[in-house]
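Read through the structure below, which is laid out as structure tokens, and then see the notes.
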Amino acid sequence: MVLDTQVVLDWQFFGDRALAGWALPGASWRWVASAAMRDELAHVLGRGFDARWTTPVDSVLRFFDTHSSACDAPALAPELSRRLACRDPDDQKFIDLAVTLAPSCLVSRDRAVLALARRAAALGVRIVPPSRWTPPA
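When we follow this note's numbering, the leftmost residue of the sequence shown carries the number 314, and every step to the right adds one.
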């Protein structure tokens, strides 16, 4: 399972109730992330948010460090990179890792990522929005 930054924020920072059932300890799924993904999360959290969001930034980063499995994706072969090139280069790291882990699932709300779902499926990667993914029982 690969989660993009916005999904992690919705789940752990904004407390999206629709994602509350994604408990991890003892889960039957594994969240895999790279150092670049953690860096992006820290950068976004470092920008600051409206005062109504009271979740401590450090707790989100601790959660990431505790519950994600670190894995750096090797560069994709050029033909795969062209086939699954995301319009937003900042999102390419999520796609590349999911392809490297295939079969896998990438959960994202980003339209540029979701637009690659059909092509990614042919490579064993399911790309879905959070509303279409539920943790396996």
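All residues carry an ideal CB built from backbone N, CA and C; glycine is no exception.
Give me the Cβ distance between residue i and residue j, rounded to the nearest whole Å; I'm assuming they're in contact under 8 Å.
i           : j           : result
residue 410 : residue 345 : 7 Å
residue 319 : residue 423 : 7 Å
residue 442 : residue 332 : Contact flag wrong, Cβ pair sits at about 11 Å.
residue 417 : residue 315 : 6 Å
residue 351 : residue 327 : The pair is not a contact, with the Cβ atoms about 18 Å apart (cut-off 8 Å).
residue 415 : residue 436 : 6 Å
When the Cα atoms are used, what is the spatial distance from residue i to residue j?
i           : j           : result
residue 355 : residue 407 : 16 Å
residue 398 : residue 438 : 14 Å
residue 348 : residue 373 : 15 Å
residue 404 : residue 426 : 7 Å
residue 365 : residue 325 : 15 Å
residue 353 : residue 385 : 14 Å
residue 360 : residue 421 : 21 Å
residue 431 : residue 370 : 35 Å
residue 433 : residue 396 : 9 Å
residue 343 : residue 382 : 7 Å
residue 323 : residue 440 : 17 Å
residue 510 : residue 367 : The requested residue 510 is not part of the displayed model; the chain covers only 314 to 450.
residue 335 : residue 375 : 17 Å
Could you give the DSSP three-state label for residue i: helix, strand or coil?
i           : result
residue 365 : coil
residue 410 : helix
residue 360 : coil
residue 383 : strand
residue 400 : coil
Start and end of the alpha helix (DSSP H) containing residue i?
i           : result
residue 425 : 424-427
residue 421 : Careful: residue 421 lies outside any alpha helix (DSSP H) and carries neither H nor E.
residue 444 : Neither: residue 444 is in no alpha helix (DSSP H) and is coded neither H nor E.
Output the boundary residues of the beta strand (DSSP E) element that contains residue i.
i           : result
residue 435 : Counting along the chain, residue 435 falls outside any beta strand (DSSP E), and DSSP gives it neither H nor E.
Inset, instruction - Scan the stretch 317-355 and note each continuous alpha helix (DSSP H) run of 4 residues or more that stays entirely inside, going in chain order. - result: Residue ranges of uninterrupted alpha helix (DSSP H) with 4 or more members, entirely inside the stretch 317-355 and ordered along the chain, are 318-321.
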